[in-house]
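Taking it in order: structure first as structure tokens, then the write-up.
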Amino acid sequence: MAQFTAFSAPTLNVFEFLSSSDNALTCVLLPNSREQQGSSHRIIAPKDYVTAEQVVAKNVAWPVSVQSVVVTSRKITQALVDDVIATLGDAILAVLPIQSSTGYQSLELKLTSTIELNTLSHLHEKHAVDCNLVSNLPSLSKPGLVVLDMDSTSIEIECIDEIAKLAGVGEEVSEITELAMQGKLDFSQSLRARVAKLKGIELNLLDQIANDLPLMPGMKDLVTQFKAHHWKVAIASGGFTYFADNLKELLGLDAAVSNTLAHDGTVLTGEVVGEIVDAKVKARTVVALAAEYGIELEQTIAIGDGANDLVMMEQAALGVAFHAKPLVQQQADVAINQGDLGAVIALLSRR
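Residue numbers (this note's numbering): 891 to 1241.
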């Protein structure tokens, strides 16, 4: 089945090579630093690849590794490539070409051995990049399901905090919200406590917020790109239907699951109607929607920022921590801290 050829490339500029669209189906095998000086790079390319470099071997297999590092950034630079290669050293098996998607570029390095992610932590702020360790990612070439948290993930605000500000209890509610997102308070109890403070708020004030939701940067790109690849996109939120339903209509989402605020037709009564959408309900939503749409769980993604999203992220094949609390970043499969939501597509485009 192998259809690749290996070429010797003694004087290769790795960055320039990986940046060229002519080399989109190739990769570079780096010489091991423990070998003798003068060792050359090797290029693995399709059998019809044209180059003046010396053929080393024909019918070789595309590099396979147990782990890869994927770097996403607005711009992959020479300095970044040099720093990543210097940091990973002999752990690198091969470097794949730079790819572009949704305003981002990505670089993948296949490794000969597993590493700890903190090995690359110094690169994040220095180069404004996200580095993630990946093994198996859902494929954009097959239908899938992505379920996002709403507040501080799909939109830039915490809706309950915005309502509380209008009610004059903003600080009290924000403090409870923060503790809940950090996992220091039971979500259901904290939600009931916060909603109780909203008693008497006029419904038209909610409309002011719902009709002007500030989308998280990259959210439109994310929805557009997933839809273009025949994926279903849904919201599972501990927030409220007033806002989640508006977001569903605005972006053409496939589903939105959230809490319902009780009211008397004019003002809020300070209660939540029905089952609270907590961590377990969010996780259940991933499974239920996947079954409804006939999607394999291996093709599911959950994206969130708070402790209430962890069970959902664990249930999905890929859990993405988006500008998340430290606890969530530690437990998620991958984390986006420097980029916007468009960086999720750039990460998946490697597959």
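Quick reminder that beta carbons are idealized off the backbone N, C-alpha and C, glycines included.
query: Taking Cβ to Cβ, would you say GLN893 is nearer than 7 Å to LYS948?; result: no
query: Using a Cβ distance threshold of 8 Å, determine whether the segment 900-917 contacts the segment 959-973, with at least three qualifying pairs required.; result: yes
query: What are the start and end residues of each continuous alpha helix (DSSP H) run of 4 or more residues lying completely inside the segment 920-996, in chain order?; result: 968-978
query: The beta strand (DSSP E) with GLU1188 in it runs from where to where?; result: Where GLU1188 is concerned, there is no enclosing beta strand (DSSP E), given that its DSSP letter is neither H nor E.
query: Check the C-beta distance from ALA1085 over to GLU1161 and give it rounded, since I have them as a contact under 8 Å.; result: A quick correction: the sequence has Val, not Ala, at residue 1085. Sure, about 7 Å apart at Cβ, within 8 Å.
query: Thinking ILE1137 and LEU1103 are a contact (beta carbons under 8 Å), I'd like their distance in whole angstroms, please.; result: In the sequence as presented, Ile is not what sits at residue 1137; that position holds Leu. LEU1137 to LEU1103, Cβ: 6 Å. Contact.
query: Apart from the five residues just before and just after LEU1208, which ones in its own chain have a Cβ nearer than 8 Å to its Cβ?; result: LEU1027, PRO1028, THR1190, ILE1191, ALA1192, ASP1223, VAL1224
query: Considering only their Cβ atoms, is the gap separating SER898 from VAL940 smaller than 7 Å?; result: no
query: Which value, in whole angstroms, describes the spacing of the CA atoms of ILE934 and VAL1201?; result: 41 Å
query: Looking only at DSSP bridge pairs, what is GLY1194 linked to?; result: ALA1211
query: Drop a sphere of 10 angstroms on the beta-carbon of ALA1118, count the other beta-carbons inside from all chains shown, and report buried for 16 or more, exposed for fewer.; result: exposed
query: Taking the beta carbon of LYS1087 as the centre, do at least 16 other beta carbons fall within 10 Å, making it buried, or is it exposed?; result: buried
query: With distances taken between CB atoms, is the gap from SER909 to ILE988 smaller than 7 Å?; result: yes
query: Short check: CB of ALA1057 to CB of ILE1099, under 7 Å?; result: no
query: Less than 7 Å between the C-beta atoms of ASN960 and LEU1237, yes or no?; result: In the sequence under discussion, the amino acid at residue 960 is Val, which differs from the Asn named in the question. It is a contact, given that the beta carbons lie within the stated cut-off.
query: Does the pairing of the segment 1138-1149 with the segment 1121-1130 give three or more beta-carbon distances under 8 Å?; result: yes
query: Which residue wins for smallest C-alpha separation from ALA1181, given the options LEU1035, ASP1020, VAL918?; result: LEU1035
query: Buried or exposed for GLN1079, going by 16 or more other Cβ atoms inside 10 Å?; result: exposed
query: Tell me the rounded alpha-carbon separation between ARG924 and HIS931.; result: Interpretation of ARG924 is limited by its pLDDT of 47, a score under 50 that renders its predicted location unreliable; no figure is taken from the coordinates.
query: Cutting at 7 Å between CB atoms, please list the residues of its own chain near ASP1144, excluding the five before and the five after it.; result: LYS1122, VAL1123, ALA1124
query: I need the DSSP call for HIS1120, collapsed to helix, strand or coil.; result: coil
query: Near LEU920, which residues of its chain fall below 6 Å by C-beta distance, leaving aside the five closest residues on each side in sequence?; result: ILE982
query: I'd like the span of the alpha helix (DSSP H) that includes THR1067, first residue to last.; result: 1060-1071
query: In the DSSP assignment, find the beta strand (DSSP E) that holds ALA1236 and state where it starts and stops.; result: Taken as a continuous stretch (DSSP letters only), ALA1236 belongs to no beta strand (DSSP E), being part of the alpha helix (DSSP H) at 1232-1238.
query: Distance check for GLU943 and GLU1204, CA to CA, integer angstroms please.; result: 47 Å
query: Could you compute how far the alpha carbon of PRO1216 sits from the alpha carbon of GLU1048?; result: 18 Å
query: Going by DSSP in three states, LEU908 sits in which element: helix, strand or coil?; result: helix
query: So ILE1235 and SER1042 are in contact, right, with Cβ under 8 Å, and what is the actual spacing, rounded?; result: Going by Cβ atoms, the distance from ILE1235 to SER1042 rounds to 20 Å, so no, they are not a contact pair.
query: Using beta-carbon positions only, say whether GLY1229 and ASP1020 come within less than 7 Å of one another.; result: yes
query: Is it buried or exposed for VAL1210, if we count other Cβ within 10 angstroms and need 16 for buried?; result: buried
query: So what does HIS1017 bridge to, in DSSP terms?; result: Answer by DSSP bridge pairing: none, since HIS1017 is not bridged.
query: For the candidate residues ALA1197, ASP1168, LYS1032, SER1003, whose alpha-carbon lies nearest to that of GLU1188?; result: LYS1032
query: Would you decide whether ASN1198 is buried or exposed? Buried here means 16 or more other CB atoms lie within 10 Å of its CB.; result: buried
query: Secondary structure at ASP1097, three-state DSSP: helix, strand or coil?; result: helix
query: Using C-beta distances below 8 Å, list every residue in its chain close to GLU1165, excluding the 5 sequence neighbours before and after it, in chain order.; result: VAL1171
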